[in-house]
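Everything on this sheet refers to the single structure shown next.
Residue numbers (this note's numbering), protein chains in the order written: chain A, 1 to 298; chain B, 1001 to 1327.
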């Protein structure tokens, strides 16, 4: 038995990089990055802005776009082949089901990772002259955290793809998860806080409130980028359920570290987002593996 | 050694029984045709053999290996053309064969496989998304042949092929079998099977209703051939008494001789000639394999109807005899 998940990953990569959808997403992502950088340049208020401000501003946009790209790139990976029948061709050769799943996660992650790195090359090439600030450590850390975010959502998408028998079901799950993590999480966290504390969270909150946010890979990415760039990264979607006077609060006041009394708890460290991501990679894939290995490929 | 053996192999989807306790043995080196109408359970059987699906009950062995526990080893030694497949539309035909050779650990070249399945070098450079169904089928067969498998499992290999392609497909199966490969293929069409199979199994509604050689099946159903003669005058001899003739009918100069034994046709003609009856024209028919297939796959109803038909023939024969006597 000479075949392994490497073979699946290589085949998958070859196949996906020829996909117009993936090229479209990559170009869309890079195009929007470029657009935002130019808007920043034209609007001219970048005199005082350094690279970390730029990265922080990009973060708001990246935390929406990268999960979207990863979910789109991944949700068809297994179920698409299963429904079209090409999975039966692949499975004619001595691959195990876990070879297929691992190969798909790796193959799609490489595609998503390369898209992200390409984006960061653009940020560097355009952003460094714009801000006259190189900040290689910040750039590298943010790039790595972003790749991790991309890989996490690729794994979630592939896991969903392996767990479902039809494209429609996979799409519904992917949209549901994205909506839940991006839009609904605040409602969940505020709801839990209200149930426990009897009041909505204000500007200063019990620290465990942020532990809830750290469980969400998008939110933990947002908090981590804020810490790396020493700034507040605005969420993409804000329901405004917290008891905060938004007109009065400055971005500095809104940072998680500023909203807890005393020193920040351990789960507000940037490395916690790595743990969150690893959990969001491992748990869905474990479920996907169980469902895929026991499935009838009809 | 046996290439495939199943024991009480059963698959249910909810309440629907797709395969009902299949006991099947395919010997190494034979070409086995797995016949049945669409939806009979042929593809389900193949899916179970390859561990694409898991049996509700029973077990299967392929090349002496357990279909569940040793599936990867099985698939490393088996070439597969599965049913309802699709290829990677963004990759070229040649790339597909290269991948197949890589995965199956084959020593052949992609060109050699192209030649065997009748695809040109120019076809191979095109993406399979632009292929016709027949070209895809040829390429998929080429992929199945990669790595010189010990056993070929082909699910409806002729689907999508034109008559020329079907003939080439048959030649290919025969060549593989001559080279020592066991071939197990399914079909809903008898024509494809008849010329190439050593044995056939007929599956209908999840039940294996017959396993035999083609000749054996013909005999089992009571091979029957009919001789139609146009005579210059009334036959004044009793043809029905000729050995092997089961019935005769005569009407308007046309004599129909029903023979239980095909050799009786010549004897019947000889008998008439000896008696000086002038024979103007000769035509004959034998029971076709289609009839055999239909009889099995449509269940007992058809067989009973055939029997009733025979009774009607006998009645008609008697009537015509009487008419002949009166006339």
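Even glycine gets a Cβ: it sits at the ideal position worked out from N, Cα and C.
Those residues of the segment 1109–1123 of chain B placed with their C-beta closer than 9 Å to a C-beta in chain A do not exist. For the segment 1082–1099 of chain B, residues whose beta-carbon sits nearer than 9 Å to a beta-carbon of chain A comprise 1082, 1083, 1084, 1085, 1086, 1087, 1088, 1089, 1090, 1091, 1095, 1096 and 1099. When DSSP reads this structure, residue 1088 of chain B sits in no beta bridge, so it has no partner. Taking 8 Å as the cut-off, the Cβ atoms of residue 280 of chain A and residue 201 of chain A do not count as close. Residue 1119 of chain B: not part of any beta strand (DSSP E); DSSP gives it neither H nor E. If you compare the alpha carbons of A:236, A:243 and A:4 with that of residue 203 of chain A, the shortest gap goes to A:243. When DSSP states are grouped into helix, strand and coil, residue 1061 of chain B belongs to the strand group. As DSSP reads the structure, residue 1078 of chain B sits in a beta bridge with B:1151. Annotation for residue 1228 of chain B: 1254, 1256, 1283 and 1284 place their beta carbon closer than 7 Å to its own, counting only its chain and skipping 5 residues before and after. For residue 245 of chain A, no chain B residue has a C-beta closer than 8 Å to its own C-beta; the minimum C-beta separation is roughly 54 Å.
Shown here, residue 240 of chain A sits in coil according to DSSP, grouped into three states, outside any helix or strand. With a cut-off of 8 Å on Cβ pairs, the segment 47–66 of chain A is in contact with the segment 123–142 of chain A, counting three or more such pairs. Neighbours of residue 93 of chain A in chain B, taken as residues whose beta carbon is under 7 Å from its own, are 1075, 1103 and 1104 in chain order. Buried is the label assigned to residue 3 of chain A, since at least 16 other Cβ atoms lie within 10 Å of its Cβ. Boundaries for residue 182 of chain A: no alpha helix (DSSP H) harbours it, and the DSSP string shows neither H nor E there. Contact between residue 1113 of chain B and residue 1087 of chain B is ruled out by a C-beta separation of about 14 Å, above the 8 Å threshold.
Here residue 289 of chain A is near residue 101 of chain A, since their CB atoms are less than 8 Å apart.
Residue 170 of chain A is positioned such that its CB atom lies no closer than 8 Å to that of residue 50 of chain A. Secondary structure note for residue 1230 of chain B: its beta strand (DSSP E) is the uninterrupted segment 1225–1231.
For the pair residue 1197 of chain B and residue 1036 of chain B, the CB atoms are not nearer than the 8 Å cut-off. By the neighbour-count criterion, in which a residue is buried when 16 or more other Cβ atoms sit within 10 angstroms of its Cβ, residue 185 of chain A is buried. Looking at B:1003, B:1187, B:1048 and B:1028, the one whose alpha-carbon comes closest to that of residue 1020 of chain B is B:1048. For residue 7 of chain A, the neighbours in chain B by C-beta distance under 9 Å run, in chain order, 1099, 1102 and 1103.
Beta-carbon to beta-carbon, residue 1100 of chain B and residue 1146 of chain B are separated by about 4 Å, close enough to satisfy the 8 Å threshold.
Contacts between residue 1072 of chain B and chain A, judged by CB atoms closer than 8 Å, involve 1, 94, 95 and 96 in chain order.
Membership of residue 1168 of chain B in any beta strand (DSSP E) is not indicated; the residue belongs instead to the alpha helix (DSSP H) covering 1163–1178. If you draw a 10 Å sphere on the C-beta of residue 1138 of chain B, you find 16 or more other C-beta atoms in it, and that means buried.
Under the Cβ distance rule, residue 1080 of chain B counts among the residues neighbouring chain A, one pair being separated by less than 8 Å. For residue 137 of chain A, the number of other beta carbons within 10 angstroms of its own is below 16, and it is reported as exposed. Of the candidates B:1235, B:1261, B:1262 and B:1267, B:1235 places its Cα closest to the Cα of residue 1278 of chain B. Within 9 Å of the CB of residue 1034 of chain B, no CB atom of chain A is found; the nearest one sits about 17 Å away. Secondary structure of residue 1185 of chain B (DSSP, three-state): strand. With a threshold of 8 Å between beta carbons, residue 1140 of chain B makes contact with chain A. When CB distances to chain B are screened at a threshold of 7 Å, the residues of the segment 72–86 of chain A falling below it are 84, 85 and 86, in chain order. The straight-line gap separating the alpha-carbon atoms of residue 1202 of chain B and residue 1214 of chain B is approximately 11 Å.
Residue 21 of chain A sits exposed, since fewer than 16 C-beta atoms from the chains shown fall within 10 Å of its C-beta.
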